[in-house]
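Here the structure comes first, spelled out in structure tokens, and everything after it is commentary.
In this note's numbering, the protein residues as written are 848 to 1116.
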């Protein structure tokens, strides 16, 4: 058995970890994976040549490079992440709940920032679903679920872009800034709670570390919506709300494209 060490620049969230698990799970020569998020390194324990492994990782376009390959004694034991399942299920529930809340009040308040942020919450919930709900399923079943998730994310993101264009082209009303600030503030508090729960984990498992980083990024998105709400209130213009909506929709679409690159393989298996 060999161990190949990769540096993956864009591996900083649960979505990238899960994408790598799904993609490399297709390869029979891959036996074990070890993720080191602090240094953004992935250790792949495999048989045979590293070429297929390297190509599969490159296909994800996460700015990866092979550092080295050496013989392994095969003694590595994958980390046990079962103790973290309850925390991750709680975080999944928070993300899905606030997807519903932000979507509902985003529509009522005419705020594309809230609607986009709700889809960002949904995208995170999808990632947790892939790693938790279908973890006992076969690899091909997980790939098909990933494909469905990618399609749903992409459709929602493209629809969001279309709505932004429609509003920008018309005489759009100014969003309700009180609702916008209140709901985005609650979403910020929810993500802070998620961070507190994740930091309580004693295991330091890869999904916990990835989720901490991912939730920290969500806090930044929440702060962006709050800042946009303040600008809307000051200038009495919907433009800041539309701009932050476009930015978050773009992030959601980028995630969907990555998932679809994996899911399309399942369509032919």
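Glycine residues also receive a C-beta, built at the ideal position from the N, C-alpha and C atoms.
Proximity winner among the options, relative to residue i (alpha-carbon distances)
| i | options | result |
| --- | --- | --- |
| residue 893 | 887, 886, 901 | 901 |
| residue 1011 | 1063, 876, 953 | 953 |
| residue 1064 | 1088, 1099, 1085 | 1099 |
| residue 1094 | 1030, 856, 875, 966 | 966 |
| residue 1062 | 950, 948, 1044, 889 | 1044 |
| residue 1026 | 1040, 1059, 1072, 999 | 1072 |
| residue 1059 | 1069, 1038, 1070 | 1038 |
| residue 1092 | 890, 1081, 974, 1003 | 1003 |
| residue 852 | 862, 941, 877 | 877 |
| residue 1047 | 920, 1006, 848, 933 | 933 |
| residue 884 | 1082, 955, 859, 891 | 859 |
| residue 919 | 879, 935, 947 | 879 |
| residue 947 | 935, 1007, 972 | 972 |
| residue 807 | 915, 1024, 1040 | In this structure the chain extends from 848 to 1116, so residue 807 is not present and cannot be described. |
| residue 916 | 956, 955, 848, 937 | 848 |
| residue 1016 | 950, 949, 1085, 1035 | 1085 |
| residue 1001 | 1014, 1035, 963, 976 | 963 |
| residue 888 | 914, 899, 872 | 914 |
| residue 1066 | 1040, 1090, 1077 | 1040 |
| residue 950 | 994, 1034, 873 | 1034 |
| residue 995 | 890, 1009, 976, 937 | 976 |
| residue 955 | 1030, 875, 1008 | 1030 |
| residue 865 | 875, 1070, 898, 909 | 909 |
| residue 941 | 1042, 1070, 1077, 1096 | 1042 |
| residue 1032 | 1070, 1005, 1013 | 1070 |
| residue 1028 | 850, 899, 890, 1077 | 1077 |
| residue 856 | 882, 1007, 850 | 882 |
| residue 897 | 937, 939, 850 | 850 |
Three-way DSSP call (helix, strand, coil) for residue i in this model
| i | result |
| --- | --- |
| residue 1021 | coil |
| residue 796 | Nothing in the structure corresponds to residue 796, since the chain is present only between 848 and 1116. |
| residue 1105 | helix |
| residue 1031 | helix |
| residue 907 | coil |
| residue 1087 | helix |
| residue 1100 | helix |
| residue 958 | coil |
| residue 1113 | Confidence at residue 1113 is low in this model, with a pLDDT of 45, below 50, so the placement of that residue is unreliable and no value is reported for it. |
| residue 991 | helix |
| residue 927 | Note on residue 927: pLDDT 49, under 50, position unreliable in the model; no value is reported. |
| residue 865 | helix |
| residue 999 | helix |
| residue 876 | coil |
| residue 860 | coil |
| residue 792 | Nothing about residue 792 can be reported from this structure: the residues present for the chain run from 848 to 1116 only. |
Segment limits, alpha helix (DSSP H) that includes residue i
| i | result |
| --- | --- |
| residue 1142 | No statement about residue 1142 is possible, as the shown extent of the chain runs from 848 to 1116 and does not include it. |
| residue 897 | Counting along the chain, residue 897 falls outside any alpha helix (DSSP H), and DSSP gives it neither H nor E. |
| residue 940 | 932-955 |
Contacts around residue i, its chain only, beta-carbon distance under 6 angstroms, and the 5 residues preceding and following it disregarded
| i | result |
| --- | --- |
| residue 997 | 1103, 1106, 1107, 1110 |
| residue 1088 | 958, 959, 960, 1022, 1075, 1079 |
| residue 912 | 854 |
| residue 886 | none |
| residue 862 | 974, 1102 |
| residue 983 | Reliability of the predicted coordinates at residue 983 is poor, the pLDDT of 49 falling under 50, and the value obtained from them is presented with this limitation in mind. Cβ neighbours of residue 983 beyond the five flanking positions: none. |
Strand pairing of residue i, partner residues [DSSP]
| i | result |
| --- | --- |
| residue 881 | 890 |
Proximal residues to residue i (C-beta, below 8 angstroms), its chain only, five neighbours per side dropped
| i | result |
| --- | --- |
| residue 870 | 903, 904, 906, 907, 1109 |
| residue 943 | 968, 969, 972 |
| residue 1068 | 964, 967, 1095, 1098 |
| residue 899 | 874, 876 |
| residue 1007 | 959, 962, 963, 966, 1092, 1096, 1099 |
| residue 1005 | 1100 |
Contact set for residue i: own chain, Cβ-Cβ below 7 angstroms, skip 5 residues either direction
| i | result |
| --- | --- |
| residue 868 | 880 |
| residue 1101 | none |
| residue 895 | 876 |
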